[in-house]
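Novice:
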Amino acid sequence: MKKFKEKLSGLAFLVLALSSISVLLLITVFIVVQGASSIGREGLLNFVFGMKWAPSQDIYGIFPMIVGTLSVTLGAAIVGVPIGLCTSIFLAEFAPPFLRNIFRPAIQLLAAIPSVVYGFVGILFVVPFIRNFLGGPGLSILAASIVLGVMILPTVISICEVSLLSLPRQYKEGALALGLTRWQSILHVQLPAAKSGIVAAIILGIGRAVGETMAVIMVVGNATAMPESILDSVRTLTTNIGIEMGYAFGEHQEALFATGIILFVMIMIINGLAQSVVRRKSK
Amino acid sequence: MKHIRKIAIIKILLLAFGMFAACNGAGNSAIIIAGSTSVQPYAEILAEEFERLYPDAGAAINIQGGGSAAGLMAAENGSAELGMSSRALKAEEAARLGYVVEIAKDGLAIIVHPDNPVFDLSLEEIRKIYTREITNWSELGGRDAQIHIIAREEGSGTRSAFEELVIGKGYEISPKAIVQASNGAVRMLVENDPNAIGFISLGLVNDQVKALRLDGVAATRENVINGTYCLYRHFLFAAIEEPTGVAKQFIDFILSSRGQELLIHEGLIPE
Chain A
0 MKKFKEKLSG
10 LAFLVLALSS
20 ISVLLLITVF
30 IVVQGASSIG
40 REGLLNFVFG
50 MKWAPSQDIY
60 GIFPMIVGTL
70 SVTLGAAIVG
80 VPIGLCTSIF
90 LAEFAPPFLR
100 NIFRPAIQLL
110 AAIPSVVYGF
120 VGILFVVPFI
130 RNFLGGPGLS
140 ILAASIVLGV
150 MILPTVISIC
160 EVSLLSLPRQ
170 YKEGALALGL
180 TRWQSILHVQ
190 LPAAKSGIVA
200 AIILGIGRAV
210 GETMAVIMVV
220 GNATAMPESI
230 LDSVRTLTTN
240 IGIEMGYAFG
250 EHQEALFATG
260 IILFVMIMII
270 NGLAQSVVRR
280 KSK
Chain B
0 MKHIRKIAII
10 KILLLAFGMF
20 AACNGAGNSA
30 IIIAGSTSVQ
40 PYAEILAEEF
50 ERLYPDAGAA
60 INIQGGGSAA
70 GLMAAENGSA
80 ELGMSSRALK
90 AEEAARLGYV
100 VEIAKDGLAI
110 IVHPDNPVFD
120 LSLEEIRKIY
130 TREITNWSEL
140 GGRDAQIHII
150 AREEGSGTRS
160 AFEELVIGKG
170 YEISPKAIVQ
180 ASNGAVRMLV
190 ENDPNAIGFI
200 SLGLVNDQVK
210 ALRLDGVAAT
220 RENVINGTYC
230 LYRHFLFAAI
240 EEPTGVAKQF
250 IDFILSSRGQ
260 ELLIHEGLIP
270 E
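Protein chains in written order, with numbering that gives the first Met the number 0: chain A, 0 to 282; chain B, 0 to 270.
(1) State the start and end residues of the unbroken alpha helix (DSSP H) segment that holds His264 (chain B).
(2) Please classify Val111 (chain B): does DSSP put it in a helix, a strand, or coil?
(3) What's the C-alpha gap between Val78 (chain A) and Ala247 (chain A)?
(4) Using 10 angstroms around the beta-carbon of His147 (chain B), count the other beta-carbons present and answer buried if the total reaches 16, otherwise exposed.
(5) Do you know how far the Cα of Gly226 (chain B) is from the Cα of Arg220 (chain B)?
(6) For the stretch 188-203 of chain B against the stretch 247-262 of chain A, are there 3 or more C-beta pairs whose distance is under 8 Å?
(7) Determine whether the beta carbon atoms of Gly154 (chain B) and Gly82 (chain B) lie at a separation below 7 Å.
(8) Quick check on Lys1 (chain B): does DSSP put it in helix, strand or coil?
(9) Assign Pro96 (chain A) to one of two classes, buried (16 or more other C-beta atoms within 10 Å of its C-beta) or exposed (fewer than that).
(10) Compute the Euclidean distance between the alpha carbons of Arg99 (chain A) and Cys159 (chain A), then round it to the nearest angstrom.
(11) Output needed in chain order: residues of the stretch 134-149 of chain A with a Cβ under 9 Å from some Cβ in chain B.
(12) Can you check which of these residues, B:Ala150, B:Ser121, B:Thr157 and B:Arg151, is closest to Gly140 (chain B) by C-alpha distance?
(13) Start and end of the beta strand (DSSP E) containing Asn191 (chain B)?
(14) Let me know if Met287 (chain A) comes out buried or exposed under the rule of 16 or more other beta-carbons within 10 Å of its beta-carbon.
(15) Could you tell me the boundaries of the alpha helix (DSSP H) in which Arg151 (chain B) lies?
(16) For Glu163 (chain B), decide whether its Cβ has a neighbour in chain A, counting only Cβ atoms nearer than 7 Å.
(17) Name the residue from B:Val245, B:Glu132, B:Leu261 and B:Gly65 whose alpha carbon lies nearest to the alpha carbon of Asp55 (chain B).
(18) Strictly under 7 Å for the Cβ-Cβ distance: is Ile177 (chain B) near chain A by that measure?
(19) Could you work out which residues of chain A lie near Leu147 (chain B), taking near to mean beta carbons separated by less than 7 Å?
(20) Anything in chain A within Cβ reach of Pro113 (chain B), meaning under 7 Å, just list it in chain order.
(21) In three-state DSSP terms, what is Ile229 (chain A)?
(22) Check each candidate in A:Ile156, A:Thr237 and A:Ala174 and name the one with the smallest Cα separation from Val198 (chain A).
(23) Residues of chain B with CB closer than 7 Å to the CB of Asn45 (chain A), please, in chain order.
(24) Listing by chain order, which chain B residues have their CB less than 8 Å from the CB of Arg168 (chain A)?
(25) So which of B:Thr36, B:Ala108 and B:Phe49 has the shortest CA-CA distance to Asn280 (chain B)?
(26) To the nearest angstrom, how far is it from the Cα of Val66 (chain A) to the Cα of Ile177 (chain B)?
(27) Residues of the stretch 42-74 of chain B with a CB closer than 9 Å to any CB of chain A: list them in chain order, please.
(28) Report yes if the CB atom of Asp119 (chain B) is closer than 7 Å to the CB atom of Arg51 (chain B), and no otherwise.
(29) Nearest-angstrom Cα distance between Val126 (chain A) and Leu254 (chain B)?
(30) Under DSSP, the alpha helix (DSSP H) around Gly196 (chain B) begins and ends at which residues?
(31) Report yes or no: do the stretch 229-243 of chain B and the stretch 126-142 of chain B share at least 3 C-beta pairs separated by less than 8 Å?
(32) Short check: CB of Lys362 (chain A) to CB of Ser162 (chain A), under 7 Å?
(33) For Ile31 (chain B), which option in B:Gln63, B:Ala69 and B:Ile149 has the closest C-alpha, if you only look at C-alpha atoms?
(34) For Glu190 (chain B), go through chain A and note every residue whose CB falls closer than 7 Å to its CB, in chain order.
(35) What did DSSP end up calling Met50 (chain A) once you bin it into helix, strand or coil?
(36) In whole angstroms, what separates the C-alpha of Gly134 (chain A) from that of Leu188 (chain B)?
Spelled out as structure tokens, the structure:
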């Protein structure tokens, strides 16, 4: 009887665990089923490398949006990674405990702010700043990069900090004992040792940037043309779905699901990369 | 002890089912009107007033968005009693929807920043701006600055009205146009950008933006009524056949002087 109960409880947990994975499976199947026919109709190459998106004429090409997603994401990494890395070094190495106790919750709070609020702040401050001082309409790759750069900070900071703190104490102590300064120890011993954790942090931050929708819709302008400079408006894969899903039906809707498939594949690749980097570290 | 717990769980389940059933029951006595998000806010105001005036009509009116195309499709397949459209019906839609009624007209205003010295354009010039044949305000007598064109997203009734009335066949809005998902978002951008141009419902023009004259004709309600300002579209309700019951009562109310007054008050133009 007792054994049976043990087994039963094990089974119950298995079922619950499966239900969380099955959601992933359901989403995957749903997106693929909804979007595959569109890709089939257009041809994968025409869809992915098509330069023109005009649903009213039944033309669906998302290459400018892929470029948009990549450029916005790269921009976010350029803005967010250096700041995030430096903050995590400060927190792990330099900050006195009382500052650390202020910084950590504050950074967690940064992650808790809804993305629509980031978008709103972006449109109130970042966009007018770019328009007035750099030119163009303001809604641009640059504006989205800045907003996203701030949004990925919590991810980058917390993972970098953990990986710095989890280094064996001997690394730092040995380095200092050999006469290195604190900065030399960080630069030449601790950072290289924590490299895989830092890379994982960057990749996860990038994953967050690729998937972000609401804040980006508000500041990126959503033009479907190929961008020529960072002051140009672009459309990302997520904003394409977000901005048009409300009205779309039929082939148009399928094309948006197909956009979702491409986005899904991109995010899978990014997460796969992060996983493999983390795994290599633990070996 | 264990039994009590079991009973509690069963009770909770029953309660949940009960609530589900109750919700379903309430849903049956509502008529659904779905479609254009341009018409939706006005329909909501009308429905509110209708329910206030006729509390014993026997059914709640449930207004939903989704866009003109989705609303007409919902009316075709019966998932909504009435479909709202902010554009003319396409041939295949008209073939399946036997009942169409115009509830009001809505003007389309071309708006710029109040500081923009340009105040009068021709339809041709607006088309050239949106197809990027004209890219600088100086070509139109304005400042030497790039024109930032702002459009609505694909599928929007306002966009299709603009395409139909201004852009015309054989041309298309440049893919360089910034795309915003609502009238409000377009207006906010134009308010803040001295070099922007956009299009929104005439009823939504405020002091923060300037509605351009069209070949010398001001964008006002009077000029739409007397036929001199040509940028307007019809707001339509459509159904498979002549509606009956509450739906008919509601349409009668909209077309009555009280309903039309409400729409005028909200910035629309009576039929």
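Glycine included, C-beta positions come from ideal geometry on N, C-alpha and C.
Specialist: Reading it off the structure:
(1) Here the alpha helix (DSSP H) through His264 (chain B) covers Ser256 to His264.
(2) Strand.
(3) It is roughly 34 Å from the alpha-carbon of Val78 (chain A) to the alpha-carbon of Ala247 (chain A).
(4) Burial is judged here by how many other beta carbons sit within 10 angstroms of a residue's own beta carbon; His147 (chain B) has at least 16 and is buried.
(5) The straight-line gap from Cα to Cα measures roughly 10 Å.
(6) Result no; under three Cβ-Cβ pairs closer than 8 Å.
(7) It is not a contact, given that the beta carbons lie outside the stated cut-off.
(8) For Lys1 (chain B), the pLDDT reaches just 49, beneath the cut-off of 50, and the residue's location in the model is therefore unreliable, although a value from the coordinates is still provided. Here Lys1 (chain B) sits in helix by DSSP.
(9) Counting every other CB atom within 10 Å of its CB across the protein chains shown gives Pro96 (chain A) a total below 16, marking it as exposed.
(10) Between Arg99 (chain A) and Cys159 (chain A), the C-alpha separation is close to 15 Å.
(11) Cβ contacts with chain B: Gly134, Gly135, Pro136, Gly137 and Leu138.
(12) Measuring from the Cα of Gly140 (chain B), the nearest candidate turns out to be B:Ser121.
(13) Boundaries for Asn191 (chain B): no beta strand (DSSP E) harbours it, while the alpha helix (DSSP H) harbouring it runs Asn182 to Asn191, taken from the DSSP string.
(14) Residue 287 (chain A) cannot be examined here, being either before or after the span of chain A that is shown, 0 to 282.
(15) Taken as a continuous stretch (DSSP letters only), Arg151 (chain B) belongs to no alpha helix (DSSP H), being part of the beta strand (DSSP E) at His147 to Arg151.
(16) Judged by the 7 Å Cβ criterion, Glu163 (chain B) is not in contact with chain A.
(17) Per the Cα distances, B:Val245.
(18) So yes, Ile177 (chain B) belongs to the interface.
(19) Residue 147 (chain B) is actually His in this sequence, not Leu. Under a criterion of Cβ atoms nearer than 7 Å, the residues of chain A adjacent to His147 (chain B) are, in order, Pro136.
(20) Near Pro113 (chain B) there are no residues of chain A at all, since even the closest Cβ is about 16 Å away, more than 7 Å.
(21) Look at Ile229 (chain A) here: in three-state DSSP terms it is coil, with no helix or strand label.
(22) Of the candidates A:Ile156, A:Thr237 and A:Ala174, the residue whose Cα lies closest to the Cα of Val198 (chain A) is A:Ile156.
(23) Those do not exist, as Asn45 (chain A) stays about 17 Å from chain B at its closest Cβ, beyond 7 Å.
(24) Per Cβ cutoff of 8 Å: no residues; Arg168 (chain A) is ~50 Å from chain B at best.
(25) Outside the displayed span of chain B (0 to 270) sits residue 280 (chain B), for which this structure offers no information.
(26) The alpha-carbon atoms of Val66 (chain A) and Ile177 (chain B) are separated by roughly 17 Å.
(27) When C-beta distances to chain A are compared with 9 Å, the residues of the stretch 42-74 of chain B below that value are Gly64, Gly65, Gly66, Ser67, Ala68, Ala69 and Met72, in chain order.
(28) No, they are not a contact pair.
(29) Cα-Cα distance, rounded: 44 Å.
(30) It is Ile, not Gly, that sits at residue 196 (chain B) in the sequence shown. Per DSSP, Ile196 (chain B) lies in no alpha helix (DSSP H) segment; the continuous beta strand (DSSP E) that holds it begins and ends at Ala195 to Ser200.
(31) Cβ pair count under 8 Å is below three, so no.
(32) One cannot answer for residue 362 (chain A) here, as it falls past the ends of chain A, which runs 0 to 282.
(33) Minimum Cα distance to Ile31 (chain B) is reached at B:Gln63.
(34) The contacting residues do not exist; Glu190 (chain B) stays about 11 Å from chain A at best.
(35) In the structure shown, Met50 (chain A) sits in coil (DSSP, three-state: anything other than H, G, I, E or B).
(36) Cα to Cα, Gly134 (chain A) sits roughly 15 Å from Leu188 (chain B).
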